[in-house]
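Numbering follows full-length UniProt numbering, with no gaps: position 59 of the sequence shown is 59. Note that the Cβ used here is the ideal one computed from N, Cα and C, for glycine as well. Take a look at the structure set out below.
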Amino acid sequence: MKANELLDRIETKRPPLIVDPRSEFEFKRGHIPGAINAPVRKILLNRAHLPHDRNSEMVIACMHGQRAVMAKWFLALYGYRNTSLLEGYLEGWLEAGLPMEK
Numbered sequence: 001m002k003a004n005e006l007l008d009r010i011e012t013k014r015p016p017l018i019v020d021p022r023s024e025f026e027f028k029r030g031h032i033p034g035a036i037n038a039p040v041r042k043i044l045l046n047r048a049h050l051p052h053d054r055n056s057e058m059v060i061a062c063m064h065g066q067r068a069v070m071a072k073w074f075l076a077l078y079g080y081r082n083t084s085l086l087e088g089y090l091e092g093w094l095e096a097g098l099p100m101e102k
């Protein structure tokens, strides 16, 4: 999903769940508004707080993409099928001057 499209979707009544697979420390320094923190290690161990509905729409974004790709792969193993990666990841989000929250 493109960054501007995600920003538009955040402002709707039914935005996708934004999953940030970075560490808790990185997440606290700044993240996309409304994102949840689900570090890759917690997803791997099935300890991340994720929706029970495996059809929930999710957009996954880390800073450069490596952890987002791994998170998407692990989520697929657990049956989540409606997942996408944020184009350009957080790096692109920041370069576009889009909002972050702490």
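- Residue pairing by DSSP places H31 opposite E101 in a beta bridge.
- For the 8 angstroms CB-CB criterion, L90 and A61 form a contact.
- The criterion of a C-beta distance shorter than 8 angstroms is not satisfied by M1 and L94.
- Counting every other CB atom within 10 Å of its CB across the protein chains shown gives D20 a total of 16 or more, marking it as buried.
- If you ignore the 5 residues before and after V40, its C-beta comes within less than 8 angstroms of the C-beta of P21, R67, M70, A71 and F74, all in its own chain and listed in chain order.
- Taking the Cα positions, P99 is about 7 angstroms away from I32.
- Separation of the CB atoms of G79 and R54 is rounded to 4 angstroms, and the pair is thereby assigned contact status at 8 angstroms.
- In this structure, A3 keeps its C-beta atom at 8 angstroms or more from the C-beta atom of G65.
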